[in-house]
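In case it helps, the working numbering puts the sequence shown at residues -15 to 85.
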Amino acid sequence: MEPTQLPQQDEALRQTRIDAPIRDSLRYIATRLADRRPAALMTEGARLAIALSAAEYTCGGPSDAADTLERELLQRMPHVDRPVTRGEYALLLNKKTWSAA
-15 MEPTQLPQQD EALRQTRIDA PIRDSLRYIA TRLADRRPAA LMTEGARLAI
35 ALSAAEYTCG GPSDAADTLE RELLQRMPHV DRPVTRGEYA LLLNKKTWSA
85 A
């Protein structure tokens, strides 16, 4: 084993731990979208609102941590640039989170 392999493995484990709350929040969002009016049209405004709602829910209310999580979620949530239902958007989020697990 080369000496550089261990730090790379440690970095991968560290990144996995950091990404876990983001991944879990994206899955929470996907579940909410699929369970509540899945046939309704997804909008960019809904994307922004649900990211904020999920971040504050995860962090126990408005806080700096919630603001940071909201930014991380929005970076990973695709923009709504074409007609798509909430259910279809949920599938996109689930695909993204399960393929990165």
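Note that beta-carbon positions come from the ideal geometry of N, C-alpha and C, so glycine has one too.
{"Asked": "One question on the structure: do Ala33 and Glu40 come within less than 7 Å of each other, judged by their Cβ atoms?", "Found": "no"}
{"Asked": "Assuming Arg21 is part of the alpha helix (DSSP H), what are its boundary residues?", "Found": "Per DSSP, Arg21 belongs to no alpha helix (DSSP H) and is neither H nor E."}
{"Asked": "Thinking C-alpha only, which one of Arg20, Ala4, Arg70 and Arg21 is nearest Arg31?", "Found": "Arg70"}
{"Asked": "Name the one or two DSSP bridge partners that Thr27 has.", "Found": "According to DSSP, which records beta bridges pairwise, Thr27 is partnered with nothing at all."}
{"Asked": "Cα separation between Leu77 and Gly44?", "Found": "23 Å"}
{"Asked": "Kindly identify the DSSP beta-bridge partner or partners of Thr69.", "Found": "Leu25"}
{"Asked": "Going by beta carbon distance, what residues of the same chain come within less than 6 Å of Leu36, once the five residues before and after it are set aside?", "Found": "Glu54"}
{"Asked": "Classify Ser9: buried if its beta carbon has 16 or more other beta carbons within 10 angstroms, exposed otherwise.", "Found": "buried"}
{"Asked": "On the CB-based measure, 16 or more other CB atoms within 10 Å of its CB, does Leu25 come out buried or exposed?", "Found": "exposed"}
{"Asked": "Taking Cβ positions, are Thr15 and Val64 nearer each other than 7 Å?", "Found": "no"}
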